[in-house]
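Numbering (the working numbering), first residue to last: 7 to 417. See below for the structure under consideration.
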Amino acid sequence: MSLLQIASLLIVLAGAFGAINYLFLRLPSAIGILVVALVASFVVIATDALFPALTVEEQIRAQVLELEFSEALMEGMLGLLLFAGALHVKLSDLRKAWLVILLMATIGIGLSTAIVGIGFNWITGMPLMIAFVFGALISPTDPVAVLGVLREANLPKSLETKIAGESLFNDGVGYVVFLVLVGLAFPSDAHHGNGLADAAFLFVQEAVGGALLGLVLGWLTFRVMRQIDDYSLEVLITLGLAFGGYELAVWLHVSAPIMAVCAGLLIGDIGTKHGMSEETRKYVEAFWKLIDEILNAVLFLMIGFEVFAVAFEYDLLISGSIAIALALLARLAAVAVPVLILKPFRDFSKGVIPIMTWGGLKGGISVALALSLPDGEWKPLILTATYIVVVFSIIVQGLTVTQLAQRVGRT
7 MSLLQIASLL
17 IVLAGAFGAI
27 NYLFLRLPSA
37 IGILVVALVA
47 SFVVIATDAL
57 FPALTVEEQI
67 RAQVLELEFS
77 EALMEGMLGL
87 LLFAGALHVK
97 LSDLRKAWLV
107 ILLMATIGIG
117 LSTAIVGIGF
127 NWITGMPLMI
137 AFVFGALISP
147 TDPVAVLGVL
157 REANLPKSLE
167 TKIAGESLFN
177 DGVGYVVFLV
187 LVGLAFPSDA
197 HHGNGLADAA
207 FLFVQEAVGG
217 ALLGLVLGWL
227 TFRVMRQIDD
237 YSLEVLITLG
247 LAFGGYELAV
257 WLHVSAPIMA
267 VCAGLLIGDI
277 GTKHGMSEET
287 RKYVEAFWKL
297 IDEILNAVLF
307 LMIGFEVFAV
317 AFEYDLLISG
327 SIAIALALLA
337 RLAAVAVPVL
347 ILKPFRDFSK
357 GVIPIMTWGG
367 LKGGISVALA
377 LSLPDGEWKP
387 LILTATYIVV
397 VFSIIVQGLT
407 VTQLAQRVGR
417 T
């Protein structure tokens with residue numbers, strides 16, 4: 007299938023599954039599309055098991071694997087999704103919670119990676135360094151999933167800012183940690199060396215370089231937009247920033263996700279205040295909200311279809327189920343330790359630890375990173391465990407975090 011045919015099919019299915027969800031399930035849009043896609047996938051698998059001669063599953067599996075979910079997300083959709091998410095987070099709000107966000111996106115990611123890695127090594131016998139790779143790819147919360155849930159949760163503003171800001175930044179940091187650990191665990195497949203010095207240099211290059219590039223490109227775009235009063239052109243310029251900046255970051259070997267977040271934050275705050283007319287601001291925000299929702303729907307549809315790439319073996323399914331508890335324990339540590347460190351010095355919203363623990367949803371980024379790993383003995387286990395954790399996180403945690411927030415997060 008051509009790229010246009012694939013894109014057309016995804017849009018058609020996302021619309022059809024979204025309509026089914028709206029008419030019958032009434033779940034939040036993205037989660038509903040994921041559920042319908044999963045049901046459809048399992049129906050195909052069951053049909054193929056009952057009527058082997060049809061070979062429908064085999065044909066769909068071939069198309070799903072050909073789609074290259076990892077490349078489509080990491081080099082296509084992710085930049086737009088992160089830029090769109092960051093546009094709606096204000097720097098003034100982030101400044102009030104910058105320290106806790108910083109600690110959760112650094113110490114928190116490190117703790118979570120270590121806990122999952124050591125636990126998975128003990129449970130499965132997987133080599134420790136490869137288990138740390140699994141810990142790194144499953145630790146970041148997915149800003150796409152998290153920000154979608156926040157729209158429904160009606161949380162206190164300070165808590166919403168912490169969750170949104172942390173999900174945007176720990177995603178970028180987690181990706182950099184993943185790259186570093188892949189270089190150490192799979193030295194023959196690494197492109198950045200395999201020593202500790204190389205790993206440290208890679209981390210600084212990716213994280214700091216991505217942030218600086220995002221701020222520079224965001225500032226230059228802002229200066230250009232100040233000279234223009236044409237909403238259609240300014241929307242086009244922001245689209246060029248998201249697309250072009252992401253590809254430039256990939257070419258320069260700096261963190262493209264961090265670049266997209268920093269550029270989006272600058273344009274969404276300083277750009278909307280000082281570089282756009284009121285009419286332009288409304289069009290820019292409406293355009294990126296629409297892009298966010300459309301890509302969100304397509305992404306969750308693709309996650310649902312990735313079930314065809316998962317190995318359904320008993321041992322792998324058991325290990326994946328245990329990984330759910332391990333990921334939640336690691337998330338609890340990643341949230342609780344920074345909060346407890348800072349609690350003597352500042353106030354926190356009621357229920358911040360349980361809400362941020364349960365609301366730390368995993369998503370397509372984790373699946374994409376698992377798929378990007380080099381083929382080997384442990385990849386099927388990592389992919390299956392990742393998929394189980396992600397589906398549980400989106401469906402179970404995503405559908406219940408609002409009720410949890412309303413129960414424990416109200417003063």
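Yeah, the Cβ is synthetic: ideal placement off N, Cα and C, and Gly gets one too. These numbers were taken from a predicted model, which means no experiment stands behind them.
The DSSP-derived three-state label of H94 is coil. In the pairwise beta carbon analysis, the region 321-340 is classified as not touching the region 56-70: fewer than three pairs are separated by under 8 angstroms. For G250, the secondary structure class from DSSP, reduced to helix, strand or coil, is helix. Here the region 249-267 lies against the region 77-86, with 3 or more beta-carbon pairs under 8 angstroms apart. With contacts defined by Cβ atoms closer than 7 angstroms, D275 and L108 do not form a contacting pair.
Contact between the region 287-296 and the region 16-25 is absent: fewer than 3 CB-CB pairs across the two stretches fall below 8 angstroms. When the beta-carbon positions are compared, P344 and G114 come within less than 7 angstroms of each other. DSSP, reduced to helix, strand and coil, places D236 outside both helices and strands of the structure shown, so it counts as coil. Here L190 is near M135, since their CB atoms are less than 7 angstroms apart. Proximity to G123 across H280, T278, L15, A142 peaks at A142, based on C-alpha coordinates. The C-beta distance from L377 to L389 rounds to 7 angstroms, short enough to meet the 8 angstroms contact threshold. DSSP places I401 outside any alpha helix (DSSP H), giving it a letter other than H or E.
No Cβ-Cβ contact shorter than 7 angstroms links F140 with E312. Pairwise C-beta distances place the region 39-50 in contact with the region 306-320, as three or more of them are shorter than 8 angstroms. Residue state for L367 is assigned as coil, using DSSP reduced to three classes.
CA-CA distance, G370 to L226, rounds to 31 angstroms.
In the structure shown, V316 falls within a coil segment according to DSSP collapsed to helix, strand and coil.
If you draw a straight line from the Cα of L88 to the Cα of T130, it comes to about 34 angstroms.
Every unbroken stretch of the alpha helix (DSSP H) spanning 4 or more residues and falling wholly within the region 101-160 is given here in chain order: 104-109, 115-130, 134-144, 149-159. Its chain contains V345 as the residues whose beta carbon lies nearer than 7 angstroms to that of F354, once the 5 sequence neighbours on both sides are disregarded; these appear in chain order.
Non-local C-beta neighbours of F192 in its own chain, meaning closer than 6 angstroms and more than five positions away in sequence, comprise P380, ordered along the chain.
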